[in-house]
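Below is one structure; the comments refer to it alone.
Protein chains: 2
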Amino acid sequence: MPTLTLPQTLIEQLSSQFGQRFSQGESNCLQHGRDESVHEPMLPSAVVFAENIEEIALTVTLCAAHGVPVIPYGVGSSVEGHVLAPKGGISLDLSGMNQIVAIHAEDGDATVQAGVTRKQLNDALKGTGLFFPIDPGADATLGGMAATRASGTNAVRYGTMRDNVMATTTVLADGRIMKTGGRARKSSAGYDLTRLLVGSEGTLGIMAELTVKLYPIPEAISAAVCTFPDIDSAVQTVIQTIQLGVPVARIELLDALSLKAINIFSKTTLAEAPTLFFEFHGSPASVAEQAETVQTIADDLGGTHFEWAARPEDRSRLWQARHDAYFACLQLKPGCRCFPTDVCVPISRLAECIAATYEDIAQVSIPIALFGHVGDGNFHLVVLVDTANEKEMAEAAWISQRVVERAIAMEGTCTGEHGIGLGKRKYLPLEHGNVAVDVMRAIKTALDPHHLLNPGKVLP
Amino acid sequence: MPTLTLPQTLIEQLSSQFGQRFSQGESNCLQHGRDESVHEPMLPSAVVFAENIEEIALTVTLCAAHGVPVIPYGVGSSVEGHVLAPKGGISLDLSGMNQIVAIHAEDGDATVQAGVTRKQLNDALKGTGLFFPIDPGADATLGGMAATRASGTNAVRYGTMRDNVMATTTVLADGRIMKTGGRARKSSAGYDLTRLLVGSEGTLGIMAELTVKLYPIPEAISAAVCTFPDIDSAVQTVIQTIQLGVPVARIELLDALSLKAINIFSKTTLAEAPTLFFEFHGSPASVAEQAETVQTIADDLGGTHFEWAARPEDRSRLWQARHDAYFACLQLKPGCRCFPTDVCVPISRLAECIAATYEDIAQVSIPIALFGHVGDGNFHLVVLVDTANEKEMAEAAWISQRVVERAIAMEGTCTGEHGIGLGKRKYLPLEHGNVAVDVMRAIKTALDPHHLLNPGKVLP
C-alpha cells in the first residue's frame, strides 16, 4: 500500500492531462516501487508516463500544488532504492522520453532525452565513428545514469557521468525549466549546476534532457583475459598498470566464484580463478604497446593464460559475460536477492582493502562474489541473500558495514557508482562529515523547500 | 578609498590575533585591490595574511559578526576583477598558505594549501615521475586556479581544474570548516560539493586546502611549431586534429601580431604569421605517430616550417614564449592595459567564430592580438587599451561584447577559463538563462546569506 492517498483533484487533473498514461493500477505501482536490490518495495500512489519536458513540468507543478512527492523513474535498474516511494506520490516514468535530440558528430557530443538508454544511443551513433563509453552493467537510461553519477568498466579511461555530461535541461521543484552547462568543452561561467545535478539522484531537479560527450571509436581495440594464482597478484597487476600510467580502457577483476557463475550462466569455459579482463584502445601500435606492458607486469606476478580476443565477436562475448556477472551470480542461489556493496578506495589501498574484505567473507555463511572496476579502485561484493532469512540479512548488513567503514577509513567512498539512495544514507556523514551534509541539506532546501523531489533519498 | 570603514572592535580583534599580518597600510590595500586587467582598482579596507585554515576561519567568523566582506586573494593574477573589493572589507591573502601537505605518488594525487602555486607544486614533484598539468599563463596559486576553474594549454588532454580537483577543505561563510570530495578516483556519494566550489570564485566558501590529480610524466614529449598562410588553415588543422581524436597534449594558435610581440619580448625569430604550437605526450612510438598524423593534416592545409623541438630546453623556450605571449602583447603599446576576452565555442564553430572576430577587429583602431587554446575551442583577444582614452575603452567594450554574444549564440561560453568576476556578470543570464541564474543565487543565499564572501562577484 502506498503511504499517501492522492487528493481527488490531483487524480482528476492527471487523468485529464495524461489519460491512459496516468495509472493507479496495482501492477504499474508494483513495477515502479521496487528496484534490482534487496530493498523492500515501496509503492508509489500512481505512475505518470511522461513524453516530453512540458509533461514533466506539468506533473511536477500539479504535484507541488498538492504537496505530493514525485519520483523520477527510468528503467528501474538502480540498486540502492532510488526509485522507491517511501512517502508514496507519483512515480514519473521517463522511459517514453527516448528521442535522440541531436548528434553533433563534428563536436563529439549528443543531446538526448533522459529516457534514452546507453545501448540506444550507441546504436544511433553507428556510422558516425563515435561511441558513448559509460557502461554500467544494465542498459540503464542516460537520465538514471546521470542521476546516480554512474560509471562502469570504461571509467578508468573515459571517466564517469560526472565527466561526460556537458549540459542538461532540468525541471525544478516548482516546475520551472532550467538549462545548465553548454556545448563548449570548457567554461568558467558561474556555478557548475550540471555537476550539482549529476549524482543528485532526482532530489534537486528532474533531468529531462542531457548533452553528453562522445569519443572516436578507437582505430584498434583488443581485449585480454589473464588468470592469477591468487587475488593479491591480480590486484598488484592492476596497481602497477595504473601507476605506470598505461592508458588501459578497461581493467576488471573477477574472483573465482564470479567466474564459476559466469561459466554456468554464459556457457563459457573460463578458468575459475582470480582473473583480470583487459581492454586496450588506441592506434594499432599503441594498443600493442599497452598490451605488451601489461602482459609483462602480469607475467612477473604469476599471471597465466594471457589470452587475446582481438576479433570483435570474441570481445563482445567476453564483455557480455562480464556485464552478465551480476545476474550470473544471482543464479548461484535461486530466489535470492543481492545485497550490493560498491566501495572505492585510493589504488594504493586496494590490495589491503580487498584482503581484509576476504577475511570478513570468511566469517559469514552466505555466498559472496567479488568483482569490480579495479582500475579506479572500485569493487563490488555480490552478497547473495534470502531476504526472508534474518540470519542471512544480518550477515549481509554486517559485511556491508565492515566494507564501507574500512573504505572510508582508507580515504575512499561508500559508493563508487551506485549512489546513496535509501541504502547508504547513514554513511554520508561518516564519509563527508556533518558540515558537508548540512551544506547538502541547505542546497536541497534552497532548491526543493518542501522536499517533494524524490523524498527520503541521499540525505540522512 | 575603500567603501567601508572597519568597525574599531574588528580592527582590535584582527590586530590582536594577527599582529603584523593585519595591515591597513595603503600600499598593501592598493596591491590587493587590483588585478592584471583593465578593471579600476577597488581597495579593501585592510589585508589579513593567513597562514593556516584556523586563521581563515577566525577571520571569516570575526568579519561575519560585524557584517564585513572577506575577499580571498592568491597572487592577484586574475583578469576579471575577482580580487577587487567593491564593498571594501578584508582582503584575505592566502599566499602564505604555501605548504605541500602530502604527495601520494602511488595514487597520483597531492594535497596542498591554497597558496601553493602550480610551479611550486611541480618543483615539489621532482623525482616522483609525476606532474600537475594545469597551466594558466601566470604562476597562479592552486586556490585561485580552483576558484576560477582555470585551465590553460594542457586542458585539451588533461582537463581543467574542474576535472582535477578531487577534494577540498573549505571555510564556509559562518566560519565552519567543511571537507568535500575525497581521494577515491570516483564516488557517487552525495552532492558534488567539490565541483560546486570549483569555479565559484570565493563566493560560496574559501578553499583552504585542495587535493589535486597528478599524472605520470610522459615517457616521450615532443613539440612542434607550424606556420600557416592564413588563420583559417591553421584553425582547420586544429579542427581535423581534434575530430580525428589525436590525443594531442597542447595545440595553441597564435596570430601574426602575437608572434611579432613574442619575437620582440622573447628575442625569438619565429615567423610572424598564423602559427600553431603543438605538444605530444606518450610513448616514443605514440608521440611519433601523433606527430605524423598532425603533420599530414597541416601539410594538406598549407602548413609550412613544421619545426620540431624534442630537446627539453628547446621545448621549454617555446612554451615559455607561449606563456609570455600575454605580457609580450602588453609591451606592444607601452603603458596600456589588456581588455581580456576569453570565449570558447564548440569546435565545429571555431573557424566561423574566429573569422567573424577578425571582421570585428578590422572595424576598430586599437591593436588586438588573438591566441588561444584552440583544441578546446577557446581563444583570447588581447585588446590593448589606454584606460584613460574613452574612445579606446569604448572600442574594446564593443568588440568584447560582439565576441561574447557571438560565442553564446554558437552554444559557447562567455568565459572559457578566466571566470565571471566583475567583468562578465551581465553575460551570465544571456548564457545560462534567468532560471539557472536564479538557482545560482538561491545557492549563494543558502550558503552565504549575508553575501559577505567576495560580494559583487559572479552573480549579476
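Taken in sequence, the protein lines are chains A and B.
In case it helps, this note's numbering puts the first sequence at residues 1 to 460.
In case it helps, this note's numbering puts the second sequence at residues 1001 to 1460.
Idealized CB from N, CA, C, for every residue including glycine.
Neighbour list for residue i in chain B, Cβ cutoff strictly below 7 Å
i	result
A:Gly190	Ile1420, Leu1428, His1432, Met1440, Val1458
A:Lys186	Ser1151, Ala1155, Thr1160, Cys1344, Asp1376, Asn1378, Gly1416, Glu1417
Buried versus exposed, by CB contacts within 10 Å (16 or more), residue i
i	result
B:Lys1470	Since the displayed chain B opens at 1001 and closes at 1460, residue 1470 of chain B lies outside it and no answer follows.
B:Gln1425	As written in the sequence, residue 1425 of chain B is Arg, which differs from the Gln given in the question. With 16 or more Cβ atoms within 10 Å of its Cβ, B:Arg1425 is classed as buried.
B:Glu1392	buried
A:Asp300	exposed
A:Ser30	Ser is not the amino acid found at residue 30 of chain A; the sequence shown has Leu there. Exposed: under 16 other Cβ atoms inside 10 Å.
B:Pro1284	exposed
B:Ala1394	exposed
A:Gly74	buried
A:His305	exposed
B:Ser1348	buried
A:Ser37	buried
B:Gly1245	buried
Proximal residues of chain A, C-beta to C-beta of residue i below 8 Å
i	result
B:Asp1230	In chain order: nothing, as chain A lies at least about 21 Å away.
B:Val1198	Asp192
B:Arg1195	Arg162, Asp192, Arg195, Leu196
CB of residue i within 9 Å of CB of residue j, strictly
i	j	result
A:His39	A:Gly76	no
B:Tyr1158	A:Gly199	no
A:Gly375	A:Ile251	yes
B:Ser1222	B:Ala1310	yes
B:Val1343	B:Gly1412	yes
B:Leu1006	B:Gly1088	yes
B:Pro1247	B:Gly1282	yes
A:Leu430	A:Val403	no
B:Glu1219	A:Ile239	no
A:Gln17	A:Ala46	no
B:Thr1415	A:Ser187	yes
A:Leu447	A:Gly205	yes
B:Thr1009	B:Gly1175	no
B:Pro1369	B:Asp1255	Correcting the residue identity first, residue 1369 of chain B is Ala in this sequence and not Pro. For B:Ala1369 and B:Asp1255, yes; Cβs fall inside 9 Å.
A:Phe228	A:Thr241	no
A:Ser286	B:Ser1286	yes
B:Ala1273	B:Ala1224	no
A:Val519	A:Ile90	Missing from the structure shown is residue 519 of chain A; chain A here goes from 1 to 460 and no further.
B:Asn980	A:Arg317	Lying before the first or after the last residue shown, residue 980 of chain B is absent from chain B, which here runs from 1001 to 1460.
A:Pro462	A:Asn98	Lying before the first or after the last residue shown, residue 462 of chain A is absent from chain A, which here runs from 1 to 460.
A:Arg21	A:Gly144	no
B:Leu1276	B:Gly1303	yes
B:Leu1381	B:Leu1084	no
Distance between beta carbons of residue j and residue i, contact taken as under 8 Å
i	j	result
B:Pro1460	B:Val1079	Wrong, their Cβ atoms sit about 19 Å apart, outside the cutoff.
B:Gly1202	B:Ala1150	No, B:Gly1202 and B:Ala1150 are not in contact; Cβ-Cβ is about 13 Å, not under 8 Å.
B:Thr1180	B:Ala1167	6 Å
A:Ala155	A:His418	That belief does not hold up - the Cβ atoms of A:Ala155 and A:His418 are roughly 13 Å apart, past 8 Å.
A:Leu4	A:Ala50	Incorrect: roughly 20 Å between the Cβ atoms, too far for contact.
A:Leu332	A:Cys338	Incorrect: roughly 11 Å between the Cβ atoms, too far for contact.
A:Val235	A:Ala351	5 Å
Within chain B, the residues that residue i reaches when beta carbons sit closer than 9 Å
i	result
A:Tyr215	Gly1245
A:Ile347	Glu1106, Asp1107, Gly1108, Arg1185
Closer than 9 Å at the beta carbon, the chain A residues around residue i
i	result
B:Met1207	None at all; the shortest Cβ gap to chain A is about 13 Å.
Contact list for residue i against chain B, beta-carbon separation under 8 Å
i	result
A:Ala285	Ala1285, Ser1286, Glu1289
A:Met178	Gly1433, Val1435, Ala1436, Val1439
Neighbouring residues, chain A, relative to residue i (Cβ below 7 Å)
i	result
B:Thr1148	Ser188
B:Ile1443	Tyr191, Ile443, Ala446
B:Thr1413	Gly182, Ala184, Ser187, Ala189
Within-9 Å CB hit, residue i to chain E
i	result
A:Ile239	Considering every chain present, this structure includes no chain E. Its protein chains are A and B.
Taking contact to mean at least 3 C-beta pairs separated by less than 8 Å, is the stretch 1062-1070 of chain B in contact with the stretch 1446-1459 of chain B?
yes
Inspect the CB distances between the stretch 1203-1215 of chain B and the stretch 1107-1125 of chain B and report whether three or more fall short of 8 Å.
yes
Counting beta carbon pairs with one atom in the stretch 169-176 of chain A and one in the stretch 125-132 of chain A, are three or more of them shorter than 8 Å? no
Open item on the list: Three or more C-beta pairs under 8 Å: does that hold for the stretch 50-70 of chain A against the stretch 437-445 of chain A?
Closed with: no
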